[in-house]
Amino acid sequence: MKVTWIGHSCFLLASGGGTLLTDPYDAGSYPGTLLYHQVDLSPDFVTVSHSHADHAGVRFLGGSPHVFDAPGEFEAGPFHIRGVATHHDGAGGSQRGGNIVFVIEAGGVTVAHLGDLGHKLAPHQAAAVGSVDVLLIPVGGFFTIDAATATEIWQQLGPPPLTIPMHYRNEKCRFDIDTADPFLDRKPAVERPGASEISLKKENFPAKPKIVVLDSAY
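The working numbering numbers the first residue of the sequence shown as 3 and each following residue consecutively.
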């Protein structure tokens, strides 16, 4: 599987001749704030964790991708998808609504995309997510879990062999949220490869947990 960070919470997963895009953003909904280039890809499948514009810009995509935006289990070409119901806030969804964690398996690699998760996972939610190889986790806080809660979840889920932070403040995202640095602070094995993509094979995962900070492709 190849994983490319497009920007924000949007990743392109490619495996077995199929492509899946997570949480495509609508950059135009946040002028002067969300400065990633508009996503204009034509994936086979799309997962949408919730309906906010920075995660649900499906209308900008080419082709006719099949969109998954609900909990459940699905088969989609080379991908097996499991959607786990969670919340966008720490108040049972009363502030920002629901959120879906998508667990995506293809080519023997399992990826968990946490969307805009707003709380620590309850035991039954962590069990539903299960064992994962790659964790795509929001770390910026305010709209999502912050660095401290992200660290708890990182530990709660393993930590997984590979973790990639997302949804944080940087030169292309000027939301009033934290950078990735508070999450990365005092974590072992943090790498910045200076690339937007990483190729994954089960047999090549590190023996100890590693965090990789990718550059955005857009």
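Cβ coordinates follow ideal geometry from the N, Cα and C atoms, glycine included. No experiment lies behind these values; they were computed from the predicted model shown.
Residue range of the alpha helix (DSSP H) that includes residue i
i, result
"Pro2", "This structure cannot speak to residue 2, because the chain is shown only from 3 to 220."
"Val131", "Pro125 to Val131"
"Thr151", "Ala149 to Gln158"
Bridge-paired residues (DSSP) for residue i
i, result
"Phe104", "Gly85 and His115"
"Pro140", "Met168"
"Glu173", "For Glu173, which the question treats as bridged, DSSP gives no partner whatsoever."
"Ala78", "Phe81"
"His68", "Phe47"
"Val60", "Note: Val60 sits in no beta bridge, so no partner."
Residue i versus residue j - alpha carbon distance
i, j, result
"Lys203", "Met3", "7 angstroms"
"Gly160", "Ala87", "20 angstroms"
"Gly95", "Lys210", "35 angstroms"
"Asp56", "Pro26", "7 angstroms"
"Asp46", "Glu154", "33 angstroms"
"Arg171", "Glu75", "32 angstroms"
"Asp71", "Glu193", "32 angstroms"
Contacting residues, own chain, Cβ-Cβ under 7 angstroms from residue i (five flanking each side not counted)
i, result
"Gly65", "Ser44"
Supposed close pair residue i, residue j - CB separation, criterion 8 angstroms
i, j, result
"His10", "His169", "6 angstroms"
"Phe81", "Ala108", "5 angstroms"
For residue i, the first and last residue of its enclosing beta strand (DSSP E)
i, result
"Cys12", "Cys12 to Ser17"
"Ile2", "The structure shown does not extend to residue 2, since the chain is modelled only from 3 through 220, so no value can be given for it."
"Gly20", "Gly20 to Thr24"
Own chain residues within Cβ distance below 6 angstroms of residue i, not counting five before or after
i, result
"Thr112", "Val134 and Asp135"
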